[in-house]
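**Student:** Just passing along the structure, written as structure tokens.
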């Protein structure tokens, strides 16, 4: 039983990060109507920004993280301005390919600047494990879970309760109608994009202490986030967190009770099954929009 | 205004890219000093150059080892050319980056053969990448040496044009398993990266264990790019293993050590093969990798096995200001093995032919090299007297265990 619980704890910690990555896909998909395949690479960018502010500039953690988030916002804005906005009215295919291009660009830029090897990153919340009634728990994992879920809840409150959030949701629902109702659609779209980039970047900062900082991590974690987003329902904010956690736990269980060869395959298996069985995902509504 | 801003940003990004690009060029320049100096200023060899292709991961995963490979080869070339080259002909290295990717390796090898017209090739690091390149070198029939790939199948699959400077995993895995048994560990677990390197070693380990009537307590695979290996470690823990053989490169090695420590498995003895050899292992794993024991072919800190080895250690230090690691040493040796083959071919046939070079390399017997006294067998394996077992100590250095 303890062994099973241990897998749940581990899966939850990893899954809440997948959820954070997934919500970035969802936010951008809802507002821009395009899957942003550079979202995973924003995770990598986030990990590198905090590496720069903390390890290289030597700032204390309470300054390093906010500054890294600001850097992610800026980088997100640059991407939006250069690769997304000019293609707003282009065909979906072209926009999709543009996001793939941005991903390749970011990955290679990181390799040019930081090289191909991994960088260690110190733990923010402590890496010493604790034993709670037979369960081995690492503080970093607990905080990753708590912060991840908290962030999604805050985001949903922001979208539901605040004026700005409502405007963003209106834009997501119907760009033209929102514009006619006096919503500054362009700002809303920018804000959503920048916010999604920063959330992706923040997920990267949470991952850094556990999994090193590597230029190619964007690809690995981006794929997991994408699978989680589809699983939860690509149009559902809350669903992305649910999808992420389910994916994280399934990965853990598959490796332990099945074969460890399945660990990486499971995300893609889920992706495949969701697309075949329930394309709108667990929490998604029927949607006629095309990718 | 917005458009202008967008353009400005684009220009700024491009500029940043160009600036970074410049940085790397200068870095490469300094890193390759030995390389650029080889042909002209230091060399006394003046004849028509003998072109040799070198490929390995200079970017992407395992780049650190690709760079080690180039350092070792370049030092050997510099020395060979300074001593008059091969019958007065200097060796010229043409280096390519395979990005640790099998597909890229195939295209750079084709480029080196067809457009640069090299007479022989050296590369690569990851066994899967080397095997992919070997399909090309076998088809074309051109001598191919690998300094670092240890995967057993490289020399057991009937390829005619391969010579390996590294010790095969047949030897390394045996040494590691024997070490574990001799040290009294009873429940031996295995975690291997799921490719030709890890999977190949797994087959060897299973066979050796079966011969001794033993079984693995845990047998877990993981993807070389996987970030999270805790589920596998949970299985190792549940199996009650007292030692874990991890057959993988240094980065996943550090990941395993760190995550094992987080799961409170600090007492678990970690063992591994030559793939763990890199300064990055300690940089990423810190305290958690101290005490890791792995197989190696060379240790600069140990008493030099022969005069050749002592000279190498000294020359390497003088050239790069750093202590040579086993990948440096094997790459250096591999270049000398090739030089021996080239010399033999020119002496015997008066011209360079693929078969002549291969014949020369395979006739090497009891040659003193930096990693010991080697003999090249008919499969192309450099057979050596012993495999070292080394332990990582506090501060990132190594000590000899046996």
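Chains as they are written, first to last, in our numbering: chain W, 1 to 291; chain V, 292 to 693.
From the three backbone atoms N, C-alpha and C, an ideal C-beta is built for every residue, glycine too.
1) Excluding the five sequence neighbours on either side, which residues of its own chain have a C-beta within less than 8 Å of the C-beta of residue 130 of chain W, listed in chain order?
2) When the Cα atoms are used, what is the spatial distance from residue 449 of chain V to residue 670 of chain V?
3) What residue range is occupied by the uninterrupted alpha helix (DSSP H) comprising residue 72 of chain W?
4) Would you say residue 293 of chain W lies against chain V (beta-carbon separation less than 8 Å)?
5) If contacts are defined as beta-carbon pairs under 8 Å, then residue 203 of chain W and residue 43 of chain W qualify, I think. What distance do you get, rounded to the angstrom?
6) Using 8 Å as the threshold, is the C-beta distance between residue 554 of chain V and residue 535 of chain V below it?
7) Could you check whether the Cβ of residue 513 of chain V sits closer than 8 Å to any Cβ belonging to chain W?
8) Give the single residue among V/491, V/522, V/469 whose Cα lies nearest to the Cα of residue 505 of chain V.
9) At a cut of 8 Å, does the segment 192-209 of chain W reach the segment 20-29 of chain W through at least three beta carbon pairs?
10) For residue 370 of chain V, which residues in chain W fall below 7 Å Cβ to Cβ?
11) With 7 Å as the limit, tell me which residues of the segment 89-120 of chain W have their beta carbon closer than that to any beta carbon of chain A; keep them in chain order.
12) Which runs of the beta strand (DSSP E) spanning at least 3 residues fall entirely within the segment 413-459 of chain V, listed in chain order?
13) When you compare the CB positions of residue 33 of chain W and residue 193 of chain W, do they come within less than 8 Å of one another, or not?
14) Okay, do the segment 382-401 of chain V and the segment 592-609 of chain V touch, 3+ Cβ pairs below 8 Å being the bar?
15) Determine whether the Cβ of residue 36 of chain W lies closer than 8 Å to any Cβ atom of chain V.
16) What's the gap between the Cα of residue 693 of chain V and the Cα of residue 680 of chain V?
17) Measure from the alpha carbon of residue 50 of chain W to the alpha carbon of each residue in W/37, W/39, W/67, W/41, then state which is nearest.
18) Please go through the segment 130-176 of chain W and give each complete beta strand (DSSP E) segment of 3 or more residues, from N-terminal end onward.
19) Is the beta carbon of residue 347 of chain V closer than 8 Å to that of residue 414 of chain V?
20) For residue 628 of chain V, which residues does DSSP report across the bridge?
21) How do the segment 615-625 of chain V and the segment 346-362 of chain V stand: do at least 3 beta-carbon pairs fall below 8 Å, yes or no?
22) Which residues of chain V have a Cβ atom closer than 9 Å to the Cβ of residue 147 of chain W, listed in chain order?
23) Given this structure, state the Cα-to-Cα distance separating residue 114 of chain W from residue 579 of chain V, to the nearest angstrom.
24) Examine chain W for any beta-carbon lying closer than 8 Å to the beta-carbon of residue 616 of chain V, and answer yes or no.
25) How do the segment 469-480 of chain V and the segment 435-451 of chain V stand: do at least 3 beta-carbon pairs fall below 8 Å, yes or no?
26) Measure the alpha-carbon distance for residue 259 of chain W versus residue 656 of chain V and round it to whole angstroms.
27) Which residues in the same chain have their Cβ closer than 8 Å to the Cβ of residue 345 of chain V, if we skip the five residues on either side of it in sequence?
28) Looking only at its own chain, which residues have a Cβ that is under 8 Å from the Cβ of residue 159 of chain W, when we skip the five neighbours before and after it?
29) Tell me, please, which residues DSSP counts as bridged to residue 537 of chain V.
30) On the CB-based measure, 16 or more other CB atoms within 10 Å of its CB, does residue 62 of chain W come out buried or exposed?
31) Which residues, in chain order, does the segment 207-226 of chain W contribute to contact with chain V at a C-beta distance below 9 Å?
32) Return the chain-ordered list of same chain residues with a C-beta closer than 6 Å to the C-beta of residue 172 of chain W, the five sequence neighbours on each side being excluded.
33) From W/52, W/126, W/95, pick the residue whose C-alpha is nearest to that of residue 210 of chain W; which is it?
34) CA-CA distance, residue 86 of chain W and residue 78 of chain W?
35) In the segment 189-272 of chain W, which residue ranges form an unbroken alpha helix (DSSP H) of at least 4 residues, counting only runs that do not cross its ends?
36) In angstroms with no decimal places, state the Cα-to-Cα distance between residue 494 of chain V and residue 510 of chain V.
**Tutor:** Quick look at the numbers:
1) 136, 137, 138, 139
2) 7 Å
3) 61-79
4) Nothing can be reported for residue 293 of chain W: it is not among the residues displayed for chain W, which extend from 1 to 291.
5) 5 Å
6) Contact annotation: residue 554 of chain V and residue 535 of chain V have beta-carbon atoms that are not nearer than 8 Å.
7) yes
8) V/469
9) yes
10) Per Cβ cutoff of 7 Å: no residues; residue 370 of chain V is ~28 Å from chain W at best.
11) No chain A appears in this structure, whose protein chains are W and V.
12) As summarised for the segment 413-459 of chain V, the continuous beta strand (DSSP E) elements at least 3 residues long and confined to that stretch are 435-437, 453-455, given in chain order.
13) no
14) no
15) no
16) Rounded to whole angstroms, residue 693 of chain V to residue 680 of chain V spans 5 Å at the Cα level.
17) W/67
18) 130-132, 135-137
19) Closer than 8 Å, so yes.
20) Partner(s): none; residue 628 of chain V has no beta bridge.
21) Yes, since at least three Cβ pairs between the segment 615-625 of chain V and the segment 346-362 of chain V fall closer than 8 Å, the two stretches touch.
22) What residue 147 of chain W touches in chain V: nothing, since even the nearest Cβ is about 18 Å away.
23) 24 Å
24) Not an interface residue.
25) Between the segment 469-480 of chain V and the segment 435-451 of chain V, the count of C-beta pairs closer than 8 Å stays below three; the two stretches do not touch.
26) 45 Å
27) 360, 361, 364, 384, 385, 386, 387, 412, 413, 414
28) For residue 159 of chain W, where only same-chain residues beyond five positions count, the Cβ hits under 8 Å are 165, 166, 168, 169, 237.
29) V/482, V/563
30) exposed
31) For the segment 207-226 of chain W, the residues whose beta carbon sits under 9 Å from a beta carbon of chain V are, in order, 207, 210, 211, 212, 214, 215, 216, 217, 219, 220, 221.
32) 30, 31
33) W/126
34) 12 Å
35) Scanning the segment 189-272 of chain W for uninterrupted alpha helix (DSSP H) segments of 4 residues or longer gives 217-232, 237-257, listed from N- to C-terminal end.
36) 11 Å
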